[in-house]
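Asker: First, the structure itself, so that you have it in front of you.
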Amino acid sequence: DVKVTQSSRYLVKRTGEKVFLECVQDMDHENMFWYRQDPGLGLRLIYFSYDVKMKEKGDIPEGYSVSREKKERFSLILESASTNQTSMYLCASISGGLRNTEAFFGQGTRLTVV
Amino acid sequence: DQQVKQNSPSLSVQEGRISILNCDYTNSMFDYFLWYKKYPAEGPTFLISISSIKDKNEDGRFTVFLNKSAKHLSLHIVPSQPGDSAVYFCAASARNDYKLSFGAGTTVTVRA
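Top line first, the protein sequences correspond to chains A and B. Its first residue numbered 1, the first sequence is counted upward by one per residue in the working numbering. Its first residue numbered 1, the second sequence is counted upward by one per residue in the working numbering.
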């Protein structure tokens with residue numbers, strides 16, 4: 001079974017803090033993604049990566065950065081957390097071999113910024 | 001600009017009856033469509049998918065229908081069960097791309 005593991009289920013951080021969200025997948029997938037889920041807005045893509053050291057902005061990258069130093073690990077960084085970044089964050093990975101294959105998601109990190 | 005739209009935020013259905021969830025898309029480059037199910041405080045899990053070369057795909061109680069001319073797809077769940085109560089997301093990807101665009105989700109409640 002593909003496993004995508006996010007380091008924390010719940011996090012509470014203060015405004016202005018630097019926040020790291022970690023994601024690890026164990027199936028040697030090339031492609032990794034960070035989404036946030038908000039009520040009424042669905043899942044919105046923050047950043048993605050198709051290879052080590054590679055990163056691309058998604059639809060809502062402002063206030064975020066990412067790091068992909070190893071194939072299995074994709075980190076999301078909130079440089080200076082703000083209350084509007086309170087959300088559910090979801091990491092996903094997809095195999096790079098076949099097109100038309102599903103993404104596997106982690107369990108999510110519920111981040112609250114106070 | 002949301003390219004995948006789920007216009008019904010919620011759906012309530014009686015146990016044993018059919019649930020029909022709808023999804024519309026605007027990007028004509030989308031050629032692969034997926035449905036995900038999500039429980040609170042968990043990540044989405046893959047349910048069923050369909051390629052644009054087909055108009056129907058069936059997996060047990062779940063069937064997805066694709067109408068390319070209308071840029072519309074639907075998910076049918078028959079019969080609905082209490083464990084189907086969840087949020088359902090429609091997603092799509094474009095040719096030569098891996099990233100998924102998601103709709104806003106439809107919350108399904110199955111009544112006993």
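In this text, a Cβ means the ideal position worked out from N, Cα and C, and glycines have one as well. All values reported here derive from a predicted model rather than from experimental measurement.
1) Just grab the DSSP bridge partners of A/M32 for me.
2) So what's A/T83 in DSSP terms, helix, strand or just coil?
3) Could you pull the start and end residues of the beta strand (DSSP E) that B/D24 belongs to?
4) Closer than 6 Å by C-beta to A/S21: which residues in its own chain qualify, once you throw out the five before and the five after it? Chain order, please.
5) In this structure, how does DSSP classify B/D84 when only helix, strand and coil are distinguished?
6) Helix, strand or coil, according to DSSP, for A/S67 in the structure here?
7) Quick check: what's the CA-CA separation for B/Y88 versus A/L45?
8) Anything in chain B within Cβ reach of A/E102, meaning under 7 Å, just list it in chain order.
9) Just list the residues that DSSP pairs A/R110 with in beta bridges.
10) Is the Cβ-Cβ distance between A/A81 and A/V12 less than 8 Å?
Answerer: Judging by the given coordinates:
1) Position 32 of the first sequence holds residue 32 of chain A. Its beta-bridge partners are A/S49 and A/S93.
2) On the first sequence, position 83 is the one that residue 83 of chain A refers to. Of the three classes helix, strand and coil, the one that applies to A/T83 here is helix, per DSSP.
3) Counted from its first residue, the second sequence places residue 24 of chain B at position 24. From DSSP, the beta strand (DSSP E) with B/D24 extends over S19 to Y25.
4) As a working mapping, residue 21 of chain A is identified with position 21 in the first sequence. For clarity, residue 21 of chain A is Leu in the given sequence; the question names Ser instead. Same-chain partners within the cutoff: L76, Y89 and T109.
5) Along the second sequence, read from residue 1 onward, the residue named residue 84 of chain B stands at position 84. B/D84: helix per DSSP, three-state reduction.
6) If you number the first sequence from 1, residue 67 of chain A lands on position 67. Looking at A/S67 - three-state DSSP - the assignment turns out to be strand.
7) To locate residue 88 of chain B, count along the second sequence from 1; it is residue 88. To locate residue 45 of chain A, count along the first sequence from 1; it is residue 45. About 17 Å.
8) Sequence index remark: in the first sequence, residue 102 of chain A carries index 102 (1-based). Per Cβ cutoff of 7 Å: L34, F46 and S49.
9) Counted from its first residue, the first sequence places residue 110 of chain A at position 110. Answer is A/Y10 and A/M88, bridged to A/R110.
10) Within the first sequence, the letter at position 81 stands for residue 81 of chain A. Within the first sequence, the letter at position 12 stands for residue 12 of chain A. No, the Cβ-Cβ distance between A/A81 and A/V12 is not below 8 Å.
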